[in-house]
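Numbering (this note's numbering), first residue to last: 732 to 1095. For every residue, glycine included, the Cβ atom is placed at its ideal position computed from N, Cα and C. Take a look at the structure below.
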């Protein structure tokens, strides 16, 4: 197919249909307790120097980079102004989060902060300490390029702005930018919309974290699938074990193939290698087995994960040992079964053999 370019303006328009012209907020999490995060996406097609960008919070409607002390007036405060740094690659996201958030958030986070109670006590420390009624703005070289909320408006305690027709959408919700959006919007009323159809955002229930760490864009590069081989376990001799990879997923497409391979331990026979769920019977000896799952999506990208199976007649094992300086010493004991175990009723004890004496003295 041939295209004619009629003017330089048409050429620029065509480019912007393929790539967004600047980074923007792609996800906002206002969950229970400290489960708070904001995600920024780069749709431009090139790496972006983040030193040109600043995230600001307007605490309780105090205006950008400000808060209002009790009985006082809006006051500028560096805790609500976060200069960014580093490089954000094309199609990648940058996650700013509260350091006390759950692992599902912190494990994909790039920059974490805890609340700072000292006025002007840190750069951006309180940007992610928002409660639904605190607007957020993304600035480039001092110019606002994207916004969540209204900086001079306070919807009230335990309240937020409506999003996509959902009242209090920025409070006790996760909102995700639609895949069709290619750039930020400084008009919050237009961005929030009045319904699921005209909003730029999809509203999810409180403590929804499944989308954080990757953003799906209609014009962005393919996102690799995420393999999930299941949880590590301790099992007995001669046990039928199921390996379940069905929780694997592809954020922007579908998984077209599964491939299981044993990568460690006494060789066992898998019921299949090309299915999401396979099984095998454990050997009659103590063994450490590991299996790798490789999933491939409809764009030929792959994802990998490994699951470990310890074959042992006891589900209770010593899983960690620390012998550090001074009194920094401990043991960790792990229950690898799928049921509680009463250590006393099952006859477990912890014993110490001191200085190679070969005599084990009970200590637990």
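Taking the alpha-carbon positions, what's the residue i to residue j distance?
i	j	result
residue 734	residue 949	At residue 734, the pLDDT of 31 sits below 50, so the modelled position is not reliable; the number obtained from the coordinates is stated separately. Taking the straight line from one Cα to the other gives about 22 Å.
residue 1032	residue 800	52 Å
residue 844	residue 836	13 Å
residue 927	residue 940	20 Å
residue 876	residue 824	17 Å
residue 816	residue 784	8 Å
residue 988	residue 982	15 Å
residue 811	residue 1021	47 Å
residue 819	residue 780	7 Å
residue 1027	residue 1037	15 Å
residue 904	residue 869	20 Å
residue 908	residue 1080	54 Å
residue 771	residue 912	13 Å
residue 722	residue 754	This structure does not reach residue 722, given that the chain is present from 732 up to 1095, and the question cannot be answered.
residue 847	residue 853	7 Å
residue 808	residue 842	20 Å
residue 790	residue 1004	54 Å
residue 972	residue 834	28 Å
residue 992	residue 1025	8 Å
residue 929	residue 860	29 Å
residue 803	residue 898	30 Å
residue 1040	residue 1070	16 Å
residue 881	residue 1001	57 Å
residue 874	residue 916	12 Å
residue 827	residue 976	30 Å
residue 893	residue 900	5 Å
residue 831	residue 902	18 Å
residue 914	residue 775	9 Å
residue 1100	residue 788	Residue 1100 cannot be examined here, being either before or after the span of the chain that is shown, 732 to 1095.
residue 990	residue 777	33 Å
residue 756	residue 838	19 Å
residue 1078	residue 994	34 Å
residue 1086	residue 1074	27 Å
For residue i, collect the residues of the same chain with a Cβ closer than 6 Å to its Cβ; drop the 5 residues on either side in sequence, then sort them by chain order.
i	result
residue 813	786, 855, 858
residue 782	816
residue 792	883, 884, 885
residue 978	959
residue 747	Caution applies to residue 747, whose pLDDT of 35 falls short of 50 and renders its modelled position unreliable; the value that the coordinates give is listed next. Result list for residue 747: empty, nothing under 6 Å.
residue 980	957
residue 1029	984, 985, 987
residue 840	826, 828
residue 744	Since pLDDT at residue 744 reaches only 34, below the 50 mark, its modelled position is unreliable, and no value is offered.
residue 1012	971
Since residue i is in the alpha helix (DSSP H), which residue starts that stretch and which ends it?
i	result
residue 923	919–923
residue 834	834–837
Rounded to whole angstroms, how far is the Cβ of residue i from the Cβ of residue j, which I believe are closer than 8 Å?
i	j	result
residue 866	residue 878	7 Å
residue 1064	residue 1084	Their Cβ separation, rounded to whole angstroms, is 17 Å, which puts residue 1064 and residue 1084 out of contact at 8 Å.
residue 821	residue 773	6 Å
residue 932	residue 895	6 Å
residue 1034	residue 952	So it is not a contact: roughly 15 Å between Cβ atoms.
residue 762	residue 888	Actually they do not touch by this definition, with Cβ atoms about 17 Å apart.
residue 1016	residue 997	6 Å
Say whether chain E places a C-beta atom closer than 9 Å to the C-beta of residue i.
i	result
residue 963	Considering every chain present, this structure includes no chain E. It has just one protein chain.
Leaving out five residues on either side along the sequence, give the residues of the same chain with a beta carbon under 7 Å from the beta carbon of residue i.
i	result
residue 1060	1053, 1054
residue 1072	1046, 1047, 1066
residue 954	945, 947, 982, 983
residue 942	758, 907
residue 925	896
residue 910	947, 948, 949
residue 890	863, 864, 899, 902
Span of the beta strand (DSSP E) holding residue i?
i	result
residue 935	932–935
residue 787	784–789
residue 1082	1082–1084
residue 1165	Here the chain comprises residues numbered 732 to 1095, so residue 1165 is not present and cannot be evaluated.
residue 988	986–995
residue 814	812–814
residue 767	767–772
residue 928	No beta strand (DSSP E) contains residue 928, which DSSP labels as neither H nor E.
residue 1051	1047–1054
residue 1022	1018–1028
residue 829	824–829
residue 777	That residue, residue 777, is in no beta strand (DSSP E); it is neither H nor E in DSSP.
residue 1011	1008–1012
residue 905	904–908
residue 890	Neither: residue 890 is in no beta strand (DSSP E) and is coded neither H nor E.
residue 866	866–871
residue 757	755–761
residue 1034	1033–1042
Can you find the residues in the same chain that come closer than 8 Å, C-beta to C-beta, to residue i, ignoring five residues on each side of it along the sequence?
i	result
residue 739	Reliability fails at residue 739, whose pLDDT of 35 lies under 50, so the model's placement of it is uncertain and no value is given.
residue 923	892, 893, 894, 895, 900, 930, 931, 932
residue 1018	996, 997, 1041, 1042
residue 962	1038
- Inter-stretch contact (C-beta, 8 Å, three-pair minimum) for the stretch 756–767 and the stretch 791–807: no
- Message: Measuring CB atoms only, is the stretch 1029–1044 touching the stretch 957–974, in the sense that at least three cross pairs come out at less than 8 Å?
- Response: yes
- Message: Measuring CB atoms only, is the stretch 1055–1066 touching the stretch 1007–1014, in the sense that at least three cross pairs come out at less than 8 Å?
- Response: no
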